[in-house]
Amino acid sequence: MIYQGKRGWYKPSLSLYWYDKNPTTKYVTTNNVNFRTAEKWDSPVAQSKKAGESVLVLRKMPKSGWLEVVLTNSVIGYIPDSPNYVKNLKKSTTIIVSIVVLFFVLLNKNLNHQMKE
């Protein structure tokens with residue numbers, strides 16, 4: 001969003017907050033998921049997503065451990081912070097990159113060792 005010539009993001013909730021950087025974290029659903037209107041399973045379904053769809057997480061709720069999520073059309077929903085429902089794309093990418101780097105480090109050490117023999 002651009003406001004008075006300045007680019008930023010706002011948090012779509014009851015009270016608006018302005019940020020210079022995007023305050024959300026991109027997650028992906030790991031199963032078909034019903035996001036709730038409150039931090040409890042017996043609350044109404046706010047919106048449903050299929051496995052593999054992206055959502056934007058605003059924050060982890062401190063008391064319940066549920067995630068507050070921005071859904072389609074700026075609907076706010078909640079889901080437990082569990083890999084059974086959603087996973088952080090950034091963490092997944094970091095793990096994959098770390099494994100690839102480790103592989104090449106070990107491969108390089110092995111090649112250097114073979115060349116010395």
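In full-length UniProt numbering, the protein residues as written are 1 to 117. Even glycine gets a Cβ: it sits at the ideal position worked out from N, Cα and C.
In the three-state reduction of the DSSP assignment, L89 falls in the helix class, which pools H, G and I. Taking V86 as reference, the option from T24, G52, W41 with the minimal CA-CA separation is G52.
Secondary structure note for S48: its beta strand (DSSP E) is the uninterrupted segment 45–49.
The alpha-carbon of P83 is positioned some 7 angstroms away from that of T30. Separation of the CB atoms of V55 and V45 is rounded to 14 angstroms, and the pair is thereby denied contact status at 8 angstroms.
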